[in-house]
Each structure stands twice: as structure tokens, then as C-alpha cells.
Amino acid sequence: MDQYRVFGNPIKQSRSPFIHQKFAEQTQERLNYQSEYVEIGEFSQAVKQLINIGGKGANVTSPFKEEAMALCDKLTERAKLAGAVNTLSFINGEILGDTTDGDGLVNDLLANNVALKNKKILLLGAGGAAKGVILPLLEQSPTQLVVANRTVSKAEAIIQQYPAKPIFCCSFEKVTNYEFDVIINATSAGLNGQALPISEQVIQSNVTCYDMTYGIELTPFLEVAKLRNAAKLIDGLGMLVGQAAVSFAIWRNIQPDTQPVLTSLREEMS
Ligand code: ATR
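The opening position of the sequence shown corresponds to residue 1 in UniProt numbering, with each subsequent residue numbered one higher.
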């Protein structure tokens, strides 16, 4: 049976084996997908071991996404721009690297009937999570994409990678200078139980608020959005399933249906 892994540290929390097993059942693909805890400093060894047993591919999660990129023989354009890789494919002795997070996000937004074309998008954060979604968001032809970050210089560095695109940056204080249709939280503030130092006025009642993180409870960012009567509140669980679906399609050349898997995952988590 074809072997796949998700490598991370920590890894116990990973939902990827559950998701890929559901995709495999749904598409009747015969494969084995397991999570593997990797010690810091042993990532390349773990990849080699998987290749040695005939492994076909792997997902990579924190903190190995940059290291995974360095290991690849070939990279997609979106992986180069993201500076990180979450999907490895082992083909003809080569390691191919891609990042599927951005497509997972865009597909989930579209599945939730959130239009992006000709819309104004605010992306909060300029770390790895934010970088990974910028190109796929720009490919949807928004009117503008504003990247706001606590450390503005990091947002500035990102937007310079996209000359001639309608992408801008600003501080959290300045976000109220603009109006938005969609606000996406790509910071890790909520994960650490910290509030985002952003002016809440930017969340108007017509705005869709998307948090790339998720949990059993509403995330802190979505709590604020709810208090502000935002039009739609969406957490990142659909993005998680969406990015897995894009990886699955890269490996198996078949597109799984994400909605039933998202429903089972929500049931599992509740
Ligand atoms: P990830 O891979 O999850 O993106 P990261 O690369 O460490 O992790 O980036 C974390 C992001 O969350 C950054 O944009 C960070 O802002 P800074 O660049 O200013 O550090 C943001 N972040 C984390 N905690 C935050 C907080 N309490 N308030 C505002 N932004 C925060």
C-alpha cells in the first residue's frame, strides 16, 4: 500500500491522518497515511527513511516547513513565494515541494460563498501562515489586499515580493483608514490566548471574518467579530480540510469532496 506521512513536532494533535483516511475511503484509493513525531534536527533523516521504504509523499507541519523547502529538488512558484513547503512528493528520485495552505483557504472561502474577486481583503499577520496564502488570494483578483502586522517591517518585506500587484501594508492602528469586505486572521495571537491589538471599528456589519485557527470554542478573533455583528464568521477548520484535499489531489490525481469530511471532523471535535 502506498505510504504517506505527516511530519511535525508536536504531532499528536494532527487531524491529517483522520482527514486523509476519509478521503481515501471516499475515493477508494488504497493508501496508508500516518503521523510521525520528528525530533528537531532529524527532519531530513525522517524524509529519507520514508523514501527508503517506498513512500510516495508527506505533509509537513510546524516547525519543519522551511527545512522541508530546503530539501526539495523542485518547488512550485507558490511554495517559493511562501518560503515554506507543506506537501512533498517523491517522484523519480526527486523531492517536489508545494504549499497547499493558500488554495485550502481560498477554496474554503469560496465554498462559504465569500466572493474575493473585486473585493477588499485585509490579512492580519506577516508570519509563515500569512505568507503562505498571499499568492492564491491575489490570484482571485481582489481590488486590494492589505497586509497588516504588529511588526510593520515584516509586512513591508512581504509586499515587495509582489511588484505590480494591488497589495499594500499598514500597521494595526492604520487599518481603519481602509474599508474591507473580508478580514482574515493569520496571526498566532489567539493560539497564545492573546487579544489582537487591532481597532475593532474595522469590523463592520458587511464584513466576513475568517480565522485561520480553529478550536471547539469560537476563537478570540471571531468572538470580537461576533460582538461587532460581522456578516459571516468562519474558522480555519475548512482550510485545514481544504489544504489536505489539495495535497491529496497532487498525490493521487483525484479531487476529494471536502464537505462530508469537514462535517465528520466537526462531529469528532465536538
Ligand atoms: P505562523 O507560522 O503561525 O505564522 P509566525 O511566523 O511566528 O507563526 O508568525 C506569527 C504571526 O502572528 C506574526 O505576524 C506575529 O506578529 P509579529 O510579526 O509582529 O511578531 C503575529 N502575532 C503573534 N502574537 C501576536 C500578538 N499578541 N499580537 C499581534 N500579533 C501577533
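Built from N, CA and C at the ideal position, the CB exists for glycine as well.
- When DSSP states are grouped into helix, strand and coil, T258 belongs to the helix group.
- Going by DSSP, N149 is part of no alpha helix (DSSP H) at all; its letter is neither H nor E.
- In terms of side-chain proximity, the C-beta atom of A186 is found nearer than 7 Å to a non-hydrogen atom of ligand 1.
- If you draw a straight line from the Cα of M239 to the Cα of V106, it is about 8 Å long.
- Secondary structure at A164: coil, using DSSP grouped into helix, strand and coil.
- Between G102 and the set N92, K165, L123, the nearest pair of CA atoms involves L123.
- Here the distance from the Cβ of P197 to the nearest heavy atom of ligand 1 is below 7 Å.
- Per DSSP, V106 is not a residue of any beta strand (DSSP E); the alpha helix (DSSP H) it occupies stretches across 101 to 111.
- Cβ contact annotation for L262 (same chain, cutoff 8 Å, sequence separation greater than five): L237, G238, V241, in chain order.
- Contact between the region 129 to 148 and the region 167 to 185 is present: three or more C-beta pairs spanning the two stretches fall below 8 Å.
- Shortest gap from the CB of N9 to any heavy atom of ligand 1: 7 Å or more.
- For R78, there is no enclosing beta strand (DSSP E); the enclosing alpha helix (DSSP H) covers residues 77 to 82.
- Secondary structure remark: continuous beta strand (DSSP E) runs of at least 3 residues inside the region 16 to 48, in chain order: 31 to 37.
- If you draw a 10 Å sphere on the C-beta of D257, you find fewer than 16 other C-beta atoms in it, and that means exposed.
- For L88, the enclosing beta strand (DSSP E) begins and ends at 87 to 91.
- I216 counts as exposed, since fewer than 16 other beta carbons sit within 10 angstroms of its beta carbon.
- CA-to-CA, the gap between Q34 and G8 works out to about 11 Å.
- Pairing R5 with L50 gives a Cβ-Cβ distance under 8 Å.
- Taken in chain order, the complete beta strand (DSSP E) segments of 3 residues or longer contained in the region 152 to 230 are 167 to 170, 182 to 185, 208 to 211.
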